[in-house]
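Participant:
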Amino acid sequence: MDYPRNDFEDGGLLKPGHYSLQVGAPGPAFLKQISEHLKQVASENLRTTDRFEETLQYGCVAGGYPVKEEVAKFLTRQYGDTVQSDNIYITPGATQGLVNMIKHYFTHENSLFVENPTYPVFAIRVAADKLMNPVPISMESDGMNIDELEKKLADLPVVETTERRPYRAAMYIIPTHHNPTGCCYSPEKCRRLIELAREHNLLIICDDVYNILNYSLDTNDSKRKFEFSPQRLFAYDNPSDPEYKGNVVSNGSFAKIIAPGLRMGWYEAPAHVIASLKISYIANSGSGQCFYISHVVSEALKLGVIDNHVENLRLAHKDRMQAVISIVERKLSKYGVTITHPNGGYFLWVKLPQKIKSAQVLEVSKKTENVTFIKGELFNILCTRASVKGDFDNYIRLSIAYYELEEIKKGAEGLCRAIEAVIQN
């Protein structure tokens, strides 16, 4: 029986000869590589362990202890900074982790400070489903506009806090290799965010799914090919500080670096957040999340399989990103088109001349070049309001994650032809 194997196919995005530059997911080649490793790990390591049957039982609420140890060791290697297993809480992925965190601590009366532009699926649904009250903050080249944030924090409504719900408001940010802009927060902004979170009693939830994917070459360390990504925000919230309260949660996932179908992620969180989550209704009802899969991944981490896989991802992604940047700049810079130069992550953010709208380009590129992408206006947290629909409507987001190098070059060439046609029309 012929049927769609995933939502991308179901939406007609992966037709032969079609270049869907919006797909923010690992491509078939890397999934095939990692699937061989995971099958071997599952069959050889878990099947032969004396405690295999325990992985089929309801598990530990925060994740199996050996799993948390291996995740912490892996992150320590990848971050270049110590991660403690006591701060790890295993989740069924970043999206579920984010929603569970918000539902655990907040209600529709609380404000959610959000970057603008931002990852649209979550933030816009929060507004539409009235989970919280979103407050957009504009972005600068090194992160959120702090002056604007401070002004809006001054107007933050008074909300009663309790031991169960101790925070006045939440903040959702992507501080490393931001989606869609690709920027990383500067150390100065990270330090100021911690100060503001402590002052105003905020919980900052960081979407840290791209942190490991850094493509800057390390010229100072002969043992490493790539530099570490900028320090995650969680590390700035230092427990040794006299003012420490524990205001940051790092919400990570293996979706972008191994496979989204695993549905496995983690929180790196303060002790009091971990303790509170352990007694939540979700934890008490379902106990350990993705318990079997987490042990498969744990074994792969222990063997170093994932470290090697990540290194291959970095090499391929760096080449793809550089290729697309080169094509766009070579063909379109004469028209005033610009493109970001991220040091990691999945995405490139293209700015068209003000009078050229991405919706026009999408219509032409889809019809004449079989190339699609996500329009910039969809990353506007307030895009459902008619008064602000113009924001980012001359921007395009491109993903470099799915297609192999030669295919993504063809897609980029086709996109450039479409943009040029719209500009010259």
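Numbering (numbering that gives the first Met the number 0), first residue to last: 0 to 424. Even for Gly, the Cβ is constructed at its ideal location relative to N, Cα and C.
(1) Tell me, which residues are paired with PRO133 by DSSP?
(2) Could you check whether the Cβ of ASN109 sits closer than 8 Å to any heavy atom belonging to the ligand ADP?
(3) Grouping DSSP H, G and I as helix and E and B as strand, with all else coil, what is GLU35?
(4) Below 8 Å CB to CB, which residues in the same chain sit around ALA392 once its five sequence neighbours on both sides are set aside?
(5) Per DSSP, ARG396 forms a beta bridge with which residues?
(6) Are the beta-carbon atoms belonging to ARG190 and ASP207 less than 9 Å from one another?
(7) Going by beta-carbon coordinates alone, are ILE89 and GLU267 separated by less than 9 Å?
(8) Compute the Euclidean distance between the alpha carbons of LYS31 and ALA258, then round it to the nearest angstrom.
(9) For PHE227, I'd like the list of residues in its chain whose CB is within less than 6 Å of its CB, leaving aside the five on either flank, ordered along the chain.
(10) Tell me, which residues are paired with VAL247 by DSSP?
(11) Assuming ALA24 contacts SER252 (C-beta within less than 8 Å), just tell me the rounded distance between them.
(12) Can you have a look at PHE225 and say buried or exposed, based on whether 16 or more other CB atoms are within 10 angstroms of its CB?
(13) Straight-line CA distance for GLU43 to ILE292?
(14) From this set, SER137, GLY96, ASN307, THR75, which residue's C-alpha is nearest LEU381's C-alpha?
(15) Would you say SER228 reaches chain B, if we count a Cβ-Cβ gap shorter than 9 Å as a contact?
(16) Pick out whichever of VAL336, VAL70, ASP85 has its Cα sitting closest to the Cα of LYS301.
(17) For ALA268, name the three-state secondary structure that DSSP assigns.
(18) Looking only at its chain, what residues have a beta carbon closer than 8 Å to the beta carbon of ASN213, apart from the 5 residues adjacent to it on each side?
(19) Quick check on the burial criterion: 16 or more other C-beta atoms within 10 angstroms. Buried or exposed for TYR280?
(20) When burial is assigned at 16 or more other CB atoms within 10 Å of the CB, is ILE418 buried or exposed?
(21) In the structure shown, what three-state DSSP assignment does ILE426 receive?
(22) Give, in chain order, every unbroken run of the alpha helix (DSSP H) that is at least 4 residues long and sits entirely within the stretch 139-218.
(23) Would you identify the three-state DSSP class for SER364, choosing helix, strand or coil?
(24) Residues bridged to TYR18 by DSSP?
(25) Quick check on ARG396: buried or exposed, where buried means 16 or more other Cβ atoms within 10 Å of its Cβ?
(26) First and last residue of the beta strand (DSSP E) that includes TYR280?
(27) On the DSSP bridge list, what partners appear for GLY343?
(28) If VAL60 sits next to GLY287, beta carbons under 8 Å apart, how far is it from one beta carbon to the other, in whole angstroms?
(29) For PHE391, name the three-state secondary structure that DSSP assigns.
(30) From the DSSP output, in three-state form, read off THR90 for me.
(31) For VAL125, collect the residues of the same chain with a Cβ closer than 7 Å to its Cβ; drop the 5 residues on either side in sequence, then sort them by chain order.
(32) Tell me which same chain residues have a C-beta within less than 7 Å of the C-beta of LYS409, skipping the five on either side of it?
(33) Quick one: give me the first and last residue of the alpha helix (DSSP H) that PHE233 is part of.
(34) Quick check: LEU12 and THR337, are their CB atoms within less than 9 Å of each other?
(35) Tell whether a beta-carbon distance below 9 Å holds between GLU114 and TYR171.
(36) In three-state terms, what does DSSP make of ALA385?
Facilitator: To lay it out plainly:
(1) LEU111
(2) The ligand ADP is not among the ligands present in this structure, which contains no ligands whatsoever.
(3) helix
(4) For the record, residue 392 in the displayed sequence is Asp; it is not Ala. So the qualifying residues of the chain are LYS356, SER357, ALA358, LYS374, GLY375, GLU376.
(5) TRP348, ILE373
(6) no
(7) no
(8) 10 Å
(9) GLY79
(10) ILE203
(11) About 12 Å separates the two Cβ atoms, so there is no contact after all.
(12) buried
(13) 15 Å
(14) SER137
(15) The structure shown has no chain B; it contains just one protein chain.
(16) VAL70
(17) coil
(18) HIS176, PHE225, GLU226, PHE227, SER228, ARG313, ASN342, GLY343
(19) exposed
(20) buried
(21) This structure does not reach residue 426, given that the chain is present from 0 up to 424, and the question cannot be answered.
(22) 145-153, 186-199
(23) helix
(24) VAL370
(25) buried
(26) Element bounds for TYR280: not the beta strand (DSSP E) but the alpha helix (DSSP H), 280-285.
(27) ASN213
(28) 6 Å
(29) coil
(30) strand
(31) LEU111, MET131, PRO133
(32) TYR18
(33) 232-235
(34) no
(35) yes
(36) Any answer about ALA385 is weak, because its pLDDT of 42 lies below 50 and its placement is not dependable; what the coordinates show is given next. Helix, per DSSP.
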